[in-house]
Amino acid sequence: MKYLLTSAACMALLTGCATTTTPSAPSVVLGGNTGAYTVPVEPAPEGPPAAAKPTPEEATAFINDAEAKLADLNEYDQHAQWMGATFINYDTEWLQTRADAALNEATVKYAMESAQYNDVDADPVTRRKLDLLRISQTLPAAVEPGAAEELSAVAAKLGATYSTGKFTWKGKTYNLDDASDVMAKSRDPLTTRAMWEGWMSIAAPMKDDYAKLTELSNAGAQGLGFKDTGALWRSGYDMDPDAFAAETDKLWTQVAPFYKNLHCYTRRKLNEKYGDAVQPKTGPIRADLLGNMWAQDWSNIYDVVAPKGIKSSYSLDKLLVKKKYDPLKMVHTGENFYTSLGFKALPSTFWERSQFTRPRDREVVCHASAWDVDNNEDLRIKMCTQVNGTDFYTVHHELGHNFYQRAYMDQPFLFKNGANDGFHEAIGDFIGLSSVTPTYLKQIGLLDKVPGESEDIPYLLKMALQKVAFLPFGLEIDRWRWEVFSGQITEAQYNQRWWELVRKYQGIEAPGPRPESAFDPGAKYHVAASVPYTRYFLADILQFQFQRAACEEAGWKGPLSRCSIYGERAVGERLNAMLEMGQSKPWPDALETFTGQREMDATAIMDYFAPLNAWLEEQNAGQQCGWDGEI
Ligand code: X8Z
Ligand code: ZN
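Numbering (mature numbering (1 follows the signal peptide of the UniProt record, and there is no 0)), first residue to last: -20 to -1, 1 to 611.
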């Protein structure tokens, strides 16, 4: 699970490092000879007086040595993380902390040492690896002895608190699965509110630890020459970090009017169902009425917002049950999609070592993930799969990670990653777009008859409740974390600022006043586990670009939403050409390989949903859309 790895690392300042003498920082070119972006780096530390400037060959030898050592430590760490995630207890947490700290200490040591090659005219591959090394940690730790261990321990504790979180309501104990299930199905606002408040309560005890984690990782990021951890996170996109933030703003501006149309329509339907006392006609939507704990995916309340008079003839949830799918069959079906594109079947160890369902006898991290334990063929997924449409989609999402990992298997260690983290998240989602089309469901025998055009709006509405509702959520989590890391907000302001951002981006509010002690962001996995989140926003944009390009390649002529690329070998070949590049080139090169475009482009998601957006505008005619304080 390297791309998800929560890395804390120690930074060992080289003894004898002197203060800088050069007034301005030299630069290196990220992305080798492509000239994609020039990253300013800290000046190389002054070496001992007699030491000669290292040669390009020495730079290459250094990075080769670092890669070999880090690959080894990473493999060890992956085994420990797997144990920790599939059997949470005191000892596995101990092992995880040890292994993670060792990897992080070594990574920071190499990142520090790499500074001596800043001025060396290294070959482009070596230069890119040196750059990637410096940004490879999600949570770097400071140089002091024990700092890496302390950071890893706090990180592991936060993760375990989240994954074992439980609360009691009316004498029954709920974990996240149970509470999510009720949120999805209950239409009683008292019950959904209880589930929502119950789950948020599990995060309150995390607040101080989160502040500690922030302090520790900021110290590490600063040691590596970044302003704070947020600046480090924004540096992973082959472009200036501020330009990257501006790029996400620009993409959001393009899609925000569409989100607001969906928000307006959904709010009206909720108002009609629940009345003014529960969901007023104006202002934000109440967070617990949208069928999902974080209001990030509203597809569970399709029944509430379904258009009157336009029938939807099937539900994927029901088809899967009717056709007796079980978790394993869902994963085999997912694998079959990838092999239909020409990808090799998964190795037998995938089936032996993956976790497909929640074990009864122990605590595990149920949040779905995909792993490449040995940087080679030891691919696995870890899910607590339930037989429903959401998890059918998630299976395709996770397998996308695995097939990506396998495609770049032959790259050197530092290039074994997605072109950027949004690409890694987008691959499986892109395949998922085909996997839920009626055409494909019929091909695999789940659906008897492909509905006619009259069902396009219901279909698009269901998809939008998942994909368009998600867009502001995909941005706001890191908007909040960037402020936390930069010190713009203090621990005392964590929760209040969270809700300001949720209101601003999503137009959503809590169902009631929040207690002083609340730490609601911690009730989301990626905050507790320190997984950067802007990747999912990017993926939401990118997957539609992939889909548009793939459907063009396949010669598809109809509406984009009806296109399935199942069995399209030529698409598979072109996709593989992008995947096998890993992170060896700047992401625009990878994007161009598959789509012919070099920019992230929101017109594809807008094209996909164009008929729905027009329909929503008709539905909203005469309504007062939006809310106070919207962005
Ligand atoms: O975390 C995930 C995947 C694993 S990378 C299941 N997703 C985000 C989430 O659950 O919040 C996929 C969609 C967004
Ligand atoms: Zn993912």
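C-beta atoms are modelled at their ideal positions from N, C-alpha and C, and glycine is treated no differently.
By the criterion of at least three beta-carbon pairs nearer than 8 Å, the region 450 to 470 is in contact with the region 480 to 489. When C-beta atoms of the region 487 to 506 are compared with those of the region 178 to 188, three or more pairs fall below 8 Å, so the two segments count as touching. At a Cβ-Cβ threshold of 7 Å, Val284 and Lys240 do not count as neighbours. Non-local beta-carbon contacts of Gln603 in its own chain, meaning distances under 6 Å to residues more than five positions away in sequence, involve Cys244 in chain order.
For Arg360, no alpha helix (DSSP H) run applies; the uninterrupted beta strand (DSSP E) run containing it begins and ends at Leu359 to Lys362, by DSSP. Taking C-alpha positions only, Thr40 is separated from Ala102 by approximately 7 Å. Straight-line spacing of the CA atoms in Pro566 and Glu553 works out to 20 Å. If only uninterrupted beta strand (DSSP E) runs of at least 3 residues are considered, none is enclosed by the region 250 to 285. Each residue's CA atom was taken as its position, placing Tyr217 and Gly425 some 41 Å apart. Collapsing the DSSP output to three states places Lys152 in a strand. The alpha-carbon separation between Phe574 and Arg167 amounts to approximately 43 Å. In this model, Pro591 and Ile437 are separated by some 7 Å (Cα to Cα).
Per DSSP, reduced to three states, the secondary structure at Ala135 is helical. Per the coordinates, the alpha-carbon of Met443 lies some 24 Å from the alpha-carbon of Lys261. Judged by DSSP secondary structure, Asp352 falls within the beta strand (DSSP E) whose first and last residues are Ser349 to Asp352. For the pair Asp189 and Val134, the CB atoms are nearer than the 7 Å cut-off. In the three-state reduction of the DSSP assignment, Ile488 falls in the strand class, which pools E and B. Residue environment: Ile290 is assigned as exposed (fewer than 16 neighbouring CB atoms within 10 Å of its CB, all protein chains considered). With a threshold of 6 Å, the Cβ atom of Tyr516 counts as near the ligand X8Z, since some heavy atom of the ligand is closer than that. Residue burial is scored here from C-beta neighbours: Tyr154 has at least 16 other C-beta atoms within 10 angstroms and is therefore classed as buried.
DSSP lists Lys362 as the bridge partner or partners of Gln335.
Across the structure, Trp232 and Thr35 are spaced so that their CA atoms are roughly 45 Å apart. The closest CA to that of Ala65, considering only Gln76, Leu518 and Glu597, is found on Gln76. For Pro104, the uninterrupted alpha helix (DSSP H) run begins and ends at Pro104 to Arg114, by DSSP. Judged by DSSP in its simplified three-state form, Pro120 adopts strand.
Between the ligand X8Z and Ala183, a heavy atom-to-CB distance of less than 6 Å is absent.
It is roughly 15 Å from the alpha-carbon of Leu212 to the alpha-carbon of Met92.
In the assembly as shown, Arg266 is a buried residue. Its beta-carbon has 16 or more other beta-carbons within 10 Å. If the five residues before and after Leu242 are omitted, its C-beta is found closer than 7 Å to the C-beta atoms of Ala444, Val448, Ala449 and Leu596, all from its own chain and listed in chain order.
When Asp520, Glu548 and Ala223 are compared, the shortest CA-CA separation from Glu533 is found for Glu548.
Gln335 places its beta carbon less than 7 Å from that of Lys362. No heavy atom of the ligand X8Z is found nearer than 6 Å to the CB of Ala387. Looking at Ser143, Met163, Thr171 and Tyr420, the one whose alpha-carbon comes closest to that of Lys150 is Thr171. Note on geometry: alpha-carbon atoms of Ile281 and Leu296 lie some 14 Å from one another. When secondary structure is reduced to three states using DSSP, Phe147 falls in the strand class.
Taking C-beta atoms as the reference points, Met561 and Ala570 count as a pair closer than 7 Å.
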